[in-house]
Amino acid sequence: MLSVPDRGAFVGRAAEVSALQSAYQDESVHTVLIAGEPGLGKSRLVSEFTSRLGSDVLVLTGRCPEFGASGVPFAPFVTIMRALVRRIGVDELTALLPVARPALSRWLPELAMRTGAAEPESDRIRLFGEILTVFEQLAISQPVVLVLEDLHWADDSSRELLAFLIANLTQRDLLLIGTYRPTDSEPLRRLVTGLRRDPGVRVLNPEPLTKHEVGRQLAAVLNREPEPGVVTRVFQRSKGIPLFVEALGRALQEDPDRVPTDLSDLLLGYQAGLPEDAKALLRLAATAGSPVRAGLLESATDLSEDALHLALRQLTDHRLLLATDSGYEFRHSLIRDAVYDDMLPVERKRLHTRLSQVLLAEEALQAGDQRQGELAYHAYAAGDLPHALVASWCAATESEGAQSERVRQLDRVVELWDRVPDAATLVGADRLIVLERIVEACFHGGIVERGVAAADEALKLLDVSEAPERAARLYYYRAGLENQSSGGSVDDLTRALELLPAHPPSVLRGEVLATLAASRVFNGDAVGAARDARAAVEVAEQTGTPALAARGYAYQGLAAAAGNGSAVAYFEQAHAAANDSQTLLTVVLWESAALVAAGEYQAAIEAIEQGLRAAHETFRFADAAPILLVKWAQALAGLGRWPEALGLIDESLTEQLPPLSTAALLLCHARIVLAQGSSAAAISSADTAATLLSDGPWARQYQLQLRTVRTEIAIAEGQFPHAGEIVAETLAADDLATHHHEVWPLLATAARITNAPTELASTADRLPVTTAVDTAYHAVVTASRNSDPAAWHQAVSAWRAIDQRYDLARSLLSAAEAELAVGNRAAAREPLREAAELAADLGATRLANAAQQVAERARVVLQVARPEPATGLPRTFGLTPREIDVLRLVAQGLSNRQIAAELFISGNTAGVHVSRILTKLGAATRTEAAAVARKHGLIVAD
532 MLSVPDRGAF VGRAAEVSAL QSAYQDESVH TVLIAGEPGL GKSRLVSEFT SRLGSDVLVL
592 TGRCPEFGAS GVPFAPFVTI MRALVRRIGV DELTALLPVA RPALSRWLPE LAMRTGAAEP
652 ESDRIRLFGE ILTVFEQLAI SQPVVLVLED LHWADDSSRE LLAFLIANLT QRDLLLIGTY
712 RPTDSEPLRR LVTGLRRDPG VRVLNPEPLT KHEVGRQLAA VLNREPEPGV VTRVFQRSKG
772 IPLFVEALGR ALQEDPDRVP TDLSDLLLGY QAGLPEDAKA LLRLAATAGS PVRAGLLESA
832 TDLSEDALHL ALRQLTDHRL LLATDSGYEF RHSLIRDAVY DDMLPVERKR LHTRLSQVLL
892 AEEALQAGDQ RQGELAYHAY AAGDLPHALV ASWCAATESE GAQSERVRQL DRVVELWDRV
952 PDAATLVGAD RLIVLERIVE ACFHGGIVER GVAAADEALK LLDVSEAPER AARLYYYRAG
1012 LENQSSGGSV DDLTRALELL PAHPPSVLRG EVLATLAASR VFNGDAVGAA RDARAAVEVA
1072 EQTGTPALAA RGYAYQGLAA AAGNGSAVAY FEQAHAAAND SQTLLTVVLW ESAALVAAGE
1132 YQAAIEAIEQ GLRAAHETFR FADAAPILLV KWAQALAGLG RWPEALGLID ESLTEQLPPL
1192 STAALLLCHA RIVLAQGSSA AAISSADTAA TLLSDGPWAR QYQLQLRTVR TEIAIAEGQF
1252 PHAGEIVAET LAADDLATHH HEVWPLLATA ARITNAPTEL ASTADRLPVT TAVDTAYHAV
1312 VTASRNSDPA AWHQAVSAWR AIDQRYDLAR SLLSAAEAEL AVGNRAAARE PLREAAELAA
1372 DLGATRLANA AQQVAERARV VLQVARPEPA TGLPRTFGLT PREIDVLRLV AQGLSNRQIA
1432 AELFISGNTA GVHVSRILTK LGAATRTEAA AVARKHGLIV AD
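Per the numbering used here, the sequence shown starts with residue 532, numbered consecutively.
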């Protein structure tokens, strides 16, 4: 029997190995993704790279099983954590964890025995945070490389955890490497597309071997130089794929005159010469999937212990199977596919049946066991529908996986329901309960279309009069699902509320009331929102549900702000009631929105910083940060702190933000740069924002902001007719009162248009005024209509009250022009001077020029105070103020995560800043950068 060379020739990958080594040494890189078609040598490349690392580097490898999305949640990470326990022991792992009863104990029985069972309220983010903490703590004492193979087969949960880790990895000496096929997984492709924007992520795309490289590989396989004609034939046949080159080389060893034409024949050729026992075991392993647990193979085979060990030795010596910490995996999935596809359907069914029988017999297999998904897969493939039904139900009801995985298993239950006799008895639930579980999973997982369809079907089956609470829950879930896609309506929520008795109170009734309150706020019904929010708080107090109470108080705050009342007291109560970080973040999100709308910008910034701090502490930065960053930028812009706002926007746009948040930041950027005199930059940002905005209700406020920005641009460019067209088209909408905070700026802008649209006055007369910002814009519109100096001074007072400096300067200039129009030059001098000074401080070039032109026409001499040019400042090396802040923290020895928490940015952004600082200072390490900074006076020495 001929065997494949132990490792085969490694040719043509010097550049890729060098790229991996460069990434490993680059502090700013935390992830490398290697993309390539099957057989290209991705795993071999990683193996070659890790083999060249020092003995002090901890390499942990996990592989996604081929039945991935239909199998075990978190499969590659479970493998890694179990290998880690074997490597360092459960006591050392426990010391790395930040909590006493970790969520990880659900994966690791030995950890549960040491620490106790996981806390009942442990959520996915806590689990993810624990895993991240373990890896980062490990990397403090030794370099760590995490390898995730075959990510194209990753289950939904594994993809979520992968995205979380990549978004949060900040520890030096910790590198994540993933391999995947770019054409085999649409969800992974979408994830990688987003990850490419992360400067800490590098993507390698190895190319097929050249003809010369094919010749070098053949020479290694044949142990001699191949004939030139053979190299050409193999190169053409293999297309430069190393696995096929190796298979062709092996075929040539056996028969120099024959080159197989079918690739499956090539791959099956690896079995040639194997004894029948080894071939049978290989077929069993191919059916089980790769990787396969050693215990499963041992239990499912008919071989004796000695024969099994001999067959395994032959398969591993032949490099068809590779040994892992817990079992075996195929050397390449293409070999596994070839072996599996070569079997007759009856053979595959027999082996799937045998595997499912073994899984059923395992005593540890029970509801909630991760192997239930494995059993469901094999039983279904074996045609054993009753067991497939039960296993899918068990896998779904107590799975630790993502909601989409629960839905997938539950959909299989629905598929099999009418095909399995007495299905309800087997699973201990009727079809209606199965549909309710689907609706619940879809609601929590954001799976809108399937969830709505399941809710519709369930409501048809349900007798509402017999089970009003179950019906109410379905209406509540359906409303939430529709709200995620189209804004929904209050009809389902109202129906749910009607079905739930006020006494005794229930948490579900409170949740319905709170959701109704939020919906009414955004539909412009402040009175109804306040009523429902108060009722939600009452239910929360009666049922002892602090999180619900916090949300109820927050919605009362929103309703008060929308109704021209004070929201401060309500948000104080919401903060007091928030007893967990997730609830606090929810409160801060609404509070920041209300405070920015009210013009209380400094208070908004303080609330936002509190929220971002909580997001860092709980590993929820990626989820909570986008809207908080938007509100932060808006608050800074309102206060005229434009350099800070632009810096924040620049930082934030390096993150993987949702499209709506990105659009909002771009609109904020457009307004600032337009005021600074750059129409081109404003147009670019506005046009990009437009491509990101949908027509959905959640985007409506930003659509109106976009109209205002484009009107401002048209006015700045002297395109007054076009500006008027934008305004007239916008004012024709019937939802202006609902979005009056966004409409008032448009009206104030439109008032500056010569021959302003006739709809302007009537719209202003009927539009609500509920905040100090609305009041200031209303004053501008009123003053623009009558040009009375007194009216403009009222506008000035309104802007001064909220310290909105740019709009204050514009109203001051308009007040001066109004005074000059009535011949009162003396009264015009001070507002004109202050407008010019504010414009100069802000860097508002257009406004400063306009003030100067008015002064020249009126022959008013402006004495604008200008800052003295700075002298004797230290050399800055081109570092921005933000980079100086980061450098100061680097010098204090803070990690990227600590820097991120201190500056309220993400860990990735902190890493980008550190990388830029090292480049600008010409420093190789953080320590060297700190030394350069102290030497040149960039920071004060301790």
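A virtual CB, placed ideally from N, CA and C, is assigned to each residue, including glycine.
No experiment lies behind these values; they were computed from the predicted model shown.
Contacting residues, own chain, Cβ-Cβ under 6 Å from ILE1470 (five flanking each side not counted): ARG1419, ALA1422 and ALA1464
For ALA1201 versus VAL1240, is the C-beta spacing smaller than 8 Å? yes
May I have a chain-ordered list of the alpha helix (DSSP H) segments no shorter than 4 residues that lie completely inside the stretch 792–869? 794–799, 807–819, 825–831 and 836–848
GLU936 in three-state terms, based on DSSP: helix
Starting from GLU1107, trace the alpha helix (DSSP H) both ways and give me its first and last residue. The sequence as given places Ala at residue 1107; Glu does not occur at that position. Where ALA1107 is concerned, the enclosing alpha helix (DSSP H) stretches over 1099–1108.
In the DSSP assignment, the alpha helix (DSSP H) including ARG1283 goes from what residue to what residue? ARG1283 -> no alpha helix (DSSP H), and no H or E assigned at all.
Should the stretch 1278–1287 be called in touch with the stretch 1240–1250, which here means at least 3 C-beta pairs below 8 Å? Proximity of the stretch 1278–1287 to the stretch 1240–1250 meets the contact definition, three or more beta-carbon pairs being nearer than 8 Å.
Could you work out which residue in GLU623, ALA1359, GLY1354 and VAL1385 is closest to ALA1346 when comparing CA atoms only? ALA1359
For LEU1351, which residues from the same chain have a beta carbon less than 7 Å from its beta carbon, with the 5 sequence-adjacent residues on both sides left out? ALA1359 and ALA1389
Run through the stretch 1150–1183 for me and flag every whole beta strand (DSSP E) of 3 or more residues, listed as ranges in chain order. none
Between the Cα of ASP686 and those of GLU597, PRO1412 and SER1050, spot the shortest distance and give me the residue it belongs to. GLU597
Segments assigned alpha helix (DSSP H), at least 4 residues, entirely inside the stretch 685–763: For the stretch 685–763, whole alpha helix (DSSP H) runs of length 4 or above, ordered along the chain, are 687–699, 717–726 and 742–753.
Which residues does DSSP list as the beta-bridge partners of GLU680? ARG594
Can you tell me whether ALA892 is helix, strand or coil according to DSSP? Note: ALA892 maps to helix in three-state DSSP.
So within the stretch 931–982, which uninterrupted alpha helix (DSSP H) runs reach at least 4 residues, ignoring any that extend past its ends? List check, alpha helix (DSSP H) in window: 934–948, 954–958 and 962–976.
What residue range does the alpha helix (DSSP H) around VAL563 cover? Segment 562–566 is the beta strand (DSSP E) holding VAL563; no alpha helix (DSSP H) there.
Check whether the Cβ of GLY1255 lies closer than 7 Å to any heavy atom of the ligand MG, and answer yes or no. Absent from the structure shown: the ligand MG. Ligands present: none.
Would the beta-carbon of THR956 fall within 8 Å of that of HIS883? no
Count the C-beta pairs between the stretch 676–695 and the stretch 561–581 that are closer than 8 Å, then say yes if the count reaches three, no if not. yes
Minimum length 4: unbroken alpha helix (DSSP H) runs contained in the stretch 1354–1378: Counting only runs of 4 or more, we get 1356–1373.
Own chain partners of GLN1325 with C-beta closer than 6 Å, once the 5 adjacent residues on each side are dropped: ALA1310
Work out the CA separation of VAL732 and LEU1267 for me, nearest whole Å. 43 Å
So, using beta-carbon positions, are LEU1044 and ASP1022 closer together than 8 Å? no
Can you tell which of SER559, SER1437 and GLU1000 has the C-alpha that lies nearest to the C-alpha of HIS1147? The residue among SER559, SER1437 and GLU1000 with its C-alpha nearest the C-alpha of HIS1147 is SER1437.
Helix or strand or just coil, what does DSSP make of VAL1471? coil
Is there a Cβ from chain B that is less than 8 Å from the Cβ of LEU852? Judged by its chain identifiers, the structure shown contains no chain B, having just a single protein chain.
DSSP three-state assignment for ALA898, whether helix, strand or coil: With a pLDDT of only 45 at ALA898, under 50, the local geometry of the prediction cannot be trusted, and the value read off the model is given with reservation. It is coil, neither helix nor strand.
Using a Cβ distance threshold of 8 Å, determine whether the stretch 936–946 contacts the stretch 968–978, with at least three qualifying pairs required. yes
Buried or exposed: ARG728, going by 16 or more other Cβ atoms within 10 Å of its Cβ? exposed
Can you tell which of GLY1424, GLU738, GLY1374 and LEU584 has the C-alpha that lies nearest to the C-alpha of PRO1174? GLY1374
Flag this pair as yes or no: are the beta carbons of ALA694 and LEU722 separated by less than 8 Å? yes
Grab the span of the alpha helix (DSSP H) containing ILE619 for me, first residue to last. 606–619
With distances taken from CA atoms, which of SER1293, ALA1109 and GLU1361 is nearest GLN1084? It is Tyr, not Gln, that sits at residue 1084 in the sequence shown. Looking at the Cα atoms, ALA1109 is the closest of the given residues.
Applying the criterion that 16 or more other CB atoms from any shown protein chain within 10 Å of the CB defines a buried residue, is GLU758 buried or exposed? Under this definition GLU758 is an exposed residue.
According to DSSP, is VAL765 part of a helix, a strand, or is it coil? helix
Could you check what DSSP says for LEU589 in three-state terms: helix, strand or coil? strand
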